[in-house]
Amino acid sequence: MTQEHAEQPPTAVPMLLQELTVELGRFAQGFGRRHRMHQTDVDALGHLSVAEQRGEAMTPSRLAASLDLSAPATSALLHRLEDTGHVVREPDPDDGRRQLLHLQPTARELATEYFGPLAASLSRSLEGMTPDEVAVVEGWLARAVTATRDAAAQVSRPDDPPARGGR
């Protein structure tokens, strides 16, 4: 531990972030219950939405890696999402061997209807903060996402057993 880290006072941030993660997970589970979707399906829609917002292409193999699913489990997942009209697979115009995944407008509408009030509530939680304070929060959250990805990579082991349910 460096001297810089040793001098920092204890903070409630990790505990509050854990609590927020639990509450966000509970909120997302409510979406799944309402629409009779398995949590993996909800997670897949979330990954597709994030990729879409970033302007990144999403393929079945990239989705499988994001969700830690096997190829057969990913295929079954995509069939479910296609059957419910949430996702469509299209050939990649730049590489015909590859498929691109796209959210259907109905999936976006359902997500906006359900998650829109949460987004509004979270935005309201920033009221009273200056633009500089909001910028600090945004910067920290971006670094926290990177730190979480880095920590996940550090604890991941090739000999870890596969997750249940075909993962």
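Residue numbers for the sequence shown follow the numbering used here, so the first one is 1 and each next one is one higher. Glycine residues also receive a C-beta, built at the ideal position from the N, C-alpha and C atoms.
- Item | Local conformation of A151 per DSSP, three classes | In this structure, A151 counts as helix in the three-state DSSP scheme.
- Message: Going by beta-carbon coordinates alone, are L126 and V137 separated by less than 9 Å?
- Response: Using a Cβ distance threshold of 9 Å, L126 and V137 count as a contacting pair.
- Would you check if the distance between the CB atom of P60 and the CB atom of L101 is smaller than 9 Å? In contact: P60 and L101 (Cβ atoms closer than 9 Å).
- With a threshold of 16 other CB atoms inside 10 Å of the CB of D92, please say whether the residue is buried or exposed. Around the beta carbon of D92, fewer than 16 other beta carbons lie within 10 angstroms, which makes this residue exposed.
- Best match in A57, H38, F31 for proximity to D95 [C-alpha to C-alpha]: The residue with the shortest Cα to Cα distance from D95 is A57.
- Task: Kindly indicate which three-state DSSP category E56 falls into: helix, strand or coil?
- Result: If DSSP states are grouped into helix, strand and coil, E56 belongs with coil.
- Task: Evaluate A64 with the Cβ neighbour count: other Cβ atoms within 10 Å of its Cβ, from every protein chain shown; 16 or more gives buried, anything less gives exposed.
- Result: By the Cβ neighbour-count rule, A64 is buried, with 16 or more other Cβ atoms within 10 Å of its own.
- With L103 and L69 assumed to form a contact (beta carbons below 8 Å), what rounded beta-carbon distance in angstroms separates them? The pair is not a contact, with the Cβ atoms about 18 Å apart (cut-off 8 Å).
- Query: Within this structure, are the beta carbons of V42 and Q29 separated by less than 9 Å?
  - Reply: Yes, the pair counts as a contact, with Cβ atoms nearer than the cut-off.
- Indicate whether the contact test is met: 3 or more Cβ pairs, each with one atom in the stretch 103-122 and one in the stretch 81-88, closer than 8 Å. With the cut-off at 8 Å, the stretch 103-122 and the stretch 81-88 touch.
- F31, buried or exposed, once every other Cβ within 10 Å from all chains shown has been counted against 16: With 16 or more neighbouring CB atoms inside 10 Å of its own CB, F31 falls in the buried class.
- Task: State the Cα-Cα distance for the pair R167 and G139, rounded to the nearest angstrom.
- Result: The predicted position of R167 is uncertain, since its pLDDT is 40 and thus under 50; a value taken from the coordinates is nonetheless stated next. The alpha-carbon atoms of R167 and G139 are separated by roughly 33 Å.
- Give me whichever residues DSSP pairs with L100 in a beta bridge. Residue pairing by DSSP places L100 opposite E90 in a beta bridge.
- Task: Under 7 Å Cβ to Cβ from F27, same chain only, skipping five residues before and after it: list those, please.
- Result: Result list for F27: L118, in chain order.
- Message: What would DSSP say about W83, mapped onto helix, strand or coil?
- Response: Note on identity: in this sequence residue 83 is Asp, with Trp being the wrong assignment. D83: helix per DSSP, three-state reduction.
- Query: Quick one: what does DSSP say D68 is sitting in, helix, strand or coil?
  - Reply: The answer is coil: DSSP assigns D68 none of H, G, I, E or B.
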